[in-house]
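Trainee: Below you will find the structure I want to go over with you.
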């Protein structure tokens, strides 16, 4: 049986020391993916500053790692102060891993984190021609509306429960173990 892309990688939260991995991922995006991620053309310096800003309180980034390299990411960023009830979500997936379920899995994990942080309204901004992101937002029952050449998708995550908190804790633990095992395998391959 053929292994899927998701089975070859690991989805986990990025640690505070992994902002360079996030920056490098964003810099590897092809020009069109980068334009869609940031709703326009941005310089490498902007990306470096943006990646560094993920160290702020309340920002959560989930990553899709393949052989220890970050290939996709979903960012959850509170709007306003760190404990706000509204947040934005943004996704980026490098071209070879697009259209293979990575964005769906990342957004699913981001919605779980938003739910457990008491986020009442999650906004997903994208360009009007970004049909792929609009389709992804619809999978999660986003209310889409057009706004000055872009589309804003709003998702109302359900309230957190003991089970949803346990699901996130389990996913975090699995991600931690997977990261250590992946690092060990890479060390063995180079030895």
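In my numbering, the protein residues as written are 54 to 244.
Idealized CB from N, CA, C, for every residue including glycine.
Around the Cβ of residue 147, are there at least 16 other Cβ atoms within 10 angstroms (buried) or fewer (exposed)?
Mentor: By 1-based counting over the chain shown, the position of residue 147 is 94. The residue in question, residue 147, is buried, as its Cβ has 16 or more Cβ neighbours within 10 Å.
Trainee: Please tell me whether residue 198 and residue 174 are closer than 8 Å, where the distance is taken between their beta carbons.
Mentor: Position 145 of the chain shown, counted from the first residue, corresponds to residue 198. Position 121 of the chain shown, counted from the first residue, corresponds to residue 174. Cβ distance not < 8 Å, so residue 198 and residue 174 don't count as in contact.
Trainee: Closest by CA to residue 122, which one among 208, 176, 71, 242?
Mentor: Walking along the chain shown from the start, residue 122 turns up at place 69. Of 208, 176, 71, 242, the residue nearest in Cα terms is 71.
Trainee: Helix or strand or just coil, what does DSSP make of residue 67?
Mentor: Position 14 of the chain shown holds residue 67. DSSP places residue 67 in coil when its eight states are reduced to three.
Trainee: From which residue to which residue does the alpha helix (DSSP H) around residue 152 run?
Mentor: Residue mapping note: residue 152 aligns to position 99 of the chain shown, counting from 1. First-last for residue 152: undefined, no H or E at that position.
Trainee: With a 10 Å radius around its C-beta and 16 neighbouring C-beta atoms as the bar for buried, classify residue 206 as buried or exposed.
Mentor: Numbered from its first residue, the chain shown carries residue 206 at position 153. It is buried - the Cβ of residue 206 has at least 16 other Cβ atoms within 10 Å.
Trainee: DSSP puts residue 198 in a beta bridge; with which residues?
Mentor: Looking up residue 198 in the chain shown gives position 145. Answer is 205.
Trainee: Report yes if the C-beta distance between residue 128 and residue 169 is below 8 Å; otherwise report no.
Mentor: On the chain shown, residue 128 is found 75 positions in, with the first residue counted as 1. On the chain shown, residue 169 is found 116 positions in, with the first residue counted as 1. Taking 8 Å as the Cβ cut-off, residue 128 and residue 169 do not qualify as a contacting pair.
Trainee: Quick one: Cα of residue 114 to Cα of residue 120, how far?
Mentor: Your numbering for residue 114 matches position 61 in the chain shown. Your numbering for residue 120 matches position 67 in the chain shown. About 18 Å.
Trainee: Start and end of the beta strand (DSSP E) containing residue 231?
Mentor: Translated into the one-based positions of the chain shown, residue 231 becomes position 178. Counting along the chain, residue 231 falls outside any beta strand (DSSP E), though it belongs to the alpha helix (DSSP H) covering 215-243.
Trainee: Could you pull out every residue in the same chain whose Cβ sits closer than 6 Å to the Cβ of residue 196, ignoring the five residues on either side in sequence?
Mentor: The sequence position of residue 196 within the chain shown is 143, counting from 1. 207.
Trainee: Just list the alpha helix (DSSP H) runs in the region 150-195, keeping only unbroken ones of 4 residues or longer that don't cross its boundaries, in chain order.
Mentor: DSSP runs (the alpha helix (DSSP H)) wholly in the region 150-195: 155-169, 184-192.
Trainee: If contact is defined by three or more beta carbon pairs under 8 Å, each pair taking one atom from either stretch, is the region 177-194 in contact with the region 224-239?
Mentor: Segments in contact, no.
Trainee: Can you check which of these residues, 61, 66, 59, is closest to residue 227 by C-alpha distance?
Mentor: Working through the chain shown from its first residue, we reach residue 227 at position 174. The option with the nearest alpha carbon to residue 227 is 66.
Trainee: With DSSP run on the structure shown, which of helix, strand or coil describes residue 57?
Mentor: Translated into the one-based positions of the chain shown, residue 57 becomes position 4. In this structure, residue 57 counts as coil in the three-state DSSP scheme.
Trainee: Among 90, 76, 179, whose alpha-carbon lies nearest the alpha-carbon of residue 97?
Mentor: Looking up residue 97 in the chain shown gives position 44. Ranking 90, 76, 179 by Cα distance to residue 97 puts 76 first.
Trainee: So the alpha helix (DSSP H) residue 72 belongs to, where does it begin and stop?
Mentor: One-based indexing of the chain shown puts residue 72 at position 19. 72-81 is the span of the alpha helix (DSSP H), which, as asked, contains residue 72.
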